[in-house]
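Enquirer: Here's a structure for you.
Numbering (this note's numbering), first residue to last: -12 to 208.
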């Protein structure tokens, strides 16, 4: 039966967004073997009789229509950025990593989990960062501006913030107390979708700015 499961069963696929265009990719049904009824059919069959598996359709947990309706701007924020070409590269990579992300109800978003390690193997470059004491150069310098921009967009959208840390000194790109520093090893930005429908994150860079947008369905309508 396990060999048959590998051959015939298919897990459902949840609806999502195409990472480049943001177009909705519909969910797809899966199928699972109805073990109890299939075994009963086998036990009742005559020797040599051909038996067909009984397959049950399994729907995705979430509806494509709900994602299609998550188009209203709930919160948006943009910050000016400047600095070296390396810092620009890091910001562009991180902004692209969080673009067109779907967060379903009760799901937790983790900046570090989505963006991943800021390593040279993944294209990140050395650039200035604020450290616990003073400043320095590290791979991924500039990524904190992306997390800070996203934090402010999420705050404007009324999203419940679970984890956020401030730099040890003020930064130039957001008002004092509005920053969100991240470090892959220990400091994260996390928030949970406590709404009844999905929300999506849009992010990018344009005209010297990094922007982040939280979209969803306006639940007041």
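All C-beta atoms in this analysis are idealised placements derived from N, C-alpha and C, irrespective of residue type, glycine included.
Just checking my contact of residue 171 with residue 105 at CB under 8 Å: how many whole Å lie between their CB atoms?
Expert: Reading the chain shown from its first residue, position 184 is the one you call residue 171. Reading the chain shown from its first residue, position 118 is the one you call residue 105. At roughly 6 Å, the Cβ-Cβ gap stays under 8 Å, so residue 171 and residue 105 are in contact.
Enquirer: Between the region 49 to 59 and the region 141 to 151, do at least 3 Cβ pairs fall closer than 8 Å?
Expert: Segments in contact, no.
Enquirer: Would you mind working out which of 98, 95 and 50 sits nearest residue 4, comparing C-alpha positions?
Expert: Position 17 of the chain shown, counted from the first residue, corresponds to residue 4. Taking only the C-alpha atoms, the option nearest residue 4 is 50.
Enquirer: Quick check: what's the CA-CA separation for residue 137 versus residue 199?
Expert: Within the chain shown, residue 137 is the residue found at index 150, counting from 1. Within the chain shown, residue 199 is the residue found at index 212, counting from 1. Each residue's alpha carbon lies about 5 Å from the other.
Enquirer: On a CA-only basis, which of 78, 16, 28 and 33 is nearest residue 48? Give me that one, please.
Expert: Along the chain shown, read from residue 1 onward, the residue named residue 48 stands at position 61. Out of 78, 16, 28 and 33, 16 has the C-alpha closest to the C-alpha of residue 48.
Enquirer: Provide the residue(s) that pair with residue 66 in DSSP beta bridges, ordered along the chain.
Expert: On the chain shown, residue 66 is found 79 positions in, with the first residue counted as 1. Per DSSP, 197.
Enquirer: Out of 197, 62, 108 and 186, which one is the CA nearest neighbour of residue 204?
Expert: Indexing the chain shown from 1 puts residue 204 at position 217. Comparing Cα-Cα distances from residue 204 to each of 197, 62, 108 and 186, the minimum goes to 186.
Enquirer: Express the C-alpha separation of residue 96 and residue 41 in angstroms, rounding to a whole number.
Expert: Position 54 of the chain shown, counted from the start, is the residue given in the question as residue 41. Position 109 of the chain shown, counted from the start, is the residue given in the question as residue 96. C-alpha separation (whole angstroms): 38 Å.
Enquirer: May I have the straight-line CA-CA distance separating residue 120 from residue 179, to the nearest angstrom?
Expert: Start at 1 with the first residue of the chain shown, and residue 120 comes out as number 133. Start at 1 with the first residue of the chain shown, and residue 179 comes out as number 192. Whole-angstrom Cα-Cα distance: 31 Å.
Enquirer: What is the C-beta distance between residue 62 and residue 129, in whole angstroms, given that I count them as a contact (C-beta under 8 Å)?
Expert: For the purposes of this step, residue 62 is identified with residue 75 of the chain shown, where counting begins at 1. For the purposes of this step, residue 129 is identified with residue 142 of the chain shown, where counting begins at 1. Residue 62 to residue 129, Cβ: 22 Å. No contact.
Enquirer: Rounded to whole angstroms, what's the CA-CA distance from residue 0 to residue 155? Just pull it up for me.
Expert: Taking the chain shown and counting its residues from 1, one reaches residue 0 at position 13. Taking the chain shown and counting its residues from 1, one reaches residue 155 at position 168. Cα to Cα, residue 0 sits roughly 43 Å from residue 155.
Enquirer: Opposite residue 148 in the DSSP bridges: which residues?
Expert: Locating residue 148 in the chain shown gives position 161, counting from the first residue. DSSP lists 178 as partners of residue 148.
Enquirer: Please say whether residue 77 and residue 175 have beta carbons closer to each other than 8 Å?
Expert: Along the chain shown, one-based indexing puts residue 175 at 188. Along the chain shown, one-based indexing puts residue 77 at 90. Not in contact: residue 175 and residue 77 (Cβ atoms no closer than 8 Å).
Enquirer: In its own chain, which residues sit with a C-beta less than 6 Å from the C-beta of residue 157, not counting the 5 before and 5 after it?
Expert: For the purposes of this step, residue 157 is identified with residue 170 of the chain shown, where counting begins at 1. If we look at residue 157 and ignore the five residues flanking it on each side, its Cβ neighbours are 163.
Enquirer: Given that a residue counts as buried once 16 or more other Cβ atoms are within 10 Å of its Cβ, and exposed if not, what is residue -5?
Expert: Residue numbering aside, residue -5 sits at position 8 when the chain shown is read from its first letter. Counting Cβ neighbours within 10 Å, residue -5 comes out exposed, since fewer than 16 surround it.
Enquirer: Taking its Cβ as the centre, do 16 or more other Cβ atoms sit within 10 Å of residue -3, making it buried, or is it exposed?
Expert: Numbered from 1 along the chain shown, position 10 holds the residue referred to as residue -3. When all chains shown are included, residue -3 counts as exposed.
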